[in-house]
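Peer 1: So that we are looking at the same thing, I have put the structure below in structure tokens.
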Ligand code: P6P
């Protein structure tokens with residue numbers, strides 16, 4: 026039985042053996058993982074912890090915040106602000122950036138996160154998760170840090186991942202050389218390496234989309250889904266299955282585990298918005314993970330990681346997963 030490799034040991038090897046991550050980034054990822062353990066603990070308590078239900082407040086997106094949204098956000102801020110590895114943080118739950126207070130040492134990294142994605146599922150005991158993305162403060166940023174420093178394309182990320190709070194609590198991570206998965210060993214209190222080289226099959230028979238929006242989709246998406254629904258008698262010549270958990274972390278985790286294609290496209294319900302999901306702390310980290318596992322991620326027209334952000338909370342249309350399916354949908358947009 027090979028010895029269990031903990032997250033700490035994995036990151037130490039990434040730092041000392043591969044020289045891929047500097048000490049400050051290793052510290053950052055250890056701190057984020059520890060924060061996710063605390064969030065997992067709070068999520069698992071559920072009603073017993075008095076953490077379910079609405080916080081009776083709204084976030085910058087105008088969405089009603091759940092108590093756990095705010096708890097998860099506070100856990101991440103408090104865990105990361107004093108370590109000396111960060112200059113600032115940005116969160117779905119905060120209007121502006123959170124600059125590390127002067128009383129703490131300042132670092133070179135920027136941490137972005139959706140502290141609890143899928144929060145509409147919290148009260149019905151369906152998997153939810155924390156999504157995070159790490160950027161470096163631009164070299165020409167000078168002493169301070171501003172929102173502008175966060176507006177970097179997803180291809181500039183130095184680390185990205187998520188922690189899914191489901192039947193298992195699993196941390197999924199990339200630092201640019203593939204995707205690894207760590208399962209939380211609650212007896213030891215440590216994340217243990219359980220998947221070393223995550224690969225997504227290039228083809229799939231499973232698509233994930235919220236079908237209730239069908240009448241609002243643009244033609245290329247409608248064409249793609251209609252062809253999937255036509256099954257083996259249709260142009261695809263095979264039957265498809267559908268999944269929609271309404272928790273991006275859970276849908277992406279399924280795709281990283283067995284393949285599939287996930288779509289949250291533009292639709293005409295809110296034509297001025299390119300999509301529902303956020304670029305900087307949802308689409309970029311998930312897009313990088315998917316690419317690192319051999320998949321693809323576009324907004325229907327271009328690679329998500331190439332998009333130059335204009336605003337911190339900007340939204341984007343998302344098509345990601347098995348490479349051949351993403352290329353087909355993207356091709357339909359070009360036709
Ligand atoms: P809908 C959760 O609120 C989320 O941001 C993603 O995790 C998920 O994929 C999507 O929204 C679900 O949206 O419109 O199907 O409820």
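In the numbering used here, the protein residues as written are 26 to 360.
By construction, the Cβ of each residue, glycine as well, lies at the ideal position given by its N, Cα and C atoms.
#1: Beta carbon of residue 302, beta carbon of residue 332: below 8 Å?
#2: Can you have a look at residue 290 and say buried or exposed, based on whether 16 or more other CB atoms are within 10 angstroms of its CB?
#3: What does the Cβ neighbour count give for residue 347, buried or exposed, with the cut at 16 atoms within 10 Å?
#4: Given a threshold of 16 other Cβ atoms within 10 Å of its Cβ, counted over all protein chains shown, does residue 144 qualify as buried or as exposed?
#5: In angstroms with no decimal places, state the Cα-to-Cα distance between residue 136 and residue 158.
#6: Just reading off the beta strand (DSSP E) that residue 289 is part of, what are its end residues?
#7: Helix, strand or coil for residue 135 per DSSP?
#8: Say yes only if the C-beta of residue 179 is nearer than 7 Å to one or more non-hydrogen atoms of the ligand P6P, and no if none qualify.
#9: Within 10 angstroms of its Cβ, does residue 326 collect 16 or more other Cβ (buried), or is it exposed?
#10: Ignore the nearest five residues each way along the sequence and tell me which others in residue 133's own chain have a CB closer than 7 Å to its CB.
#11: Could you give the uninterrupted runs of the beta strand (DSSP E) lying entirely in the segment 142-196, keeping only those of 3 residues or more?
#12: Could you round the C-beta distance between residue 264 and residue 257 to whole angstroms and report it? I think they count as a contact, below 8 Å.
#13: Report the three-state DSSP secondary structure of residue 292 (helix, strand or coil).
Peer 2: By the coordinates alone:
#1: No, Cβ-Cβ distance for residue 302 and residue 332 is not below 8 Å.
#2: Burial state of residue 290 is buried, judged by a 10 Å Cβ sphere holding 16 or more other Cβ atoms.
#3: Around the beta carbon of residue 347, a 10 Å sphere encloses 16 or more other beta carbons of the protein chains shown; the residue is thus reported as buried.
#4: Taking every protein chain shown into account, the CB of residue 144 has 16 or more other CB atoms within 10 angstroms, so this residue is buried.
#5: Take the alpha-carbon of residue 136 and the one of residue 158: they are about 6 Å apart.
#6: For residue 289, the uninterrupted beta strand (DSSP E) run begins and ends at 286-289, by DSSP.
#7: Under the three-state reduction of DSSP, residue 135 is assigned to strand.
#8: Incorrect: residue 179 has no Cβ contact closer than 7 Å to the ligand P6P.
#9: Exposed, since its Cβ has fewer than 16 Cβ neighbours within 10 Å.
#10: Once the five neighbours on either side are set aside, the close Cβ partners of residue 133 are 49, 112, 161 and 162.
#11: Counting only runs of 3 or more, we get 153-161 and 184-190.
#12: 5 Å between Cβ atoms; contact.
#13: In the three-state DSSP reduction, residue 292 falls in the strand class (E or B).
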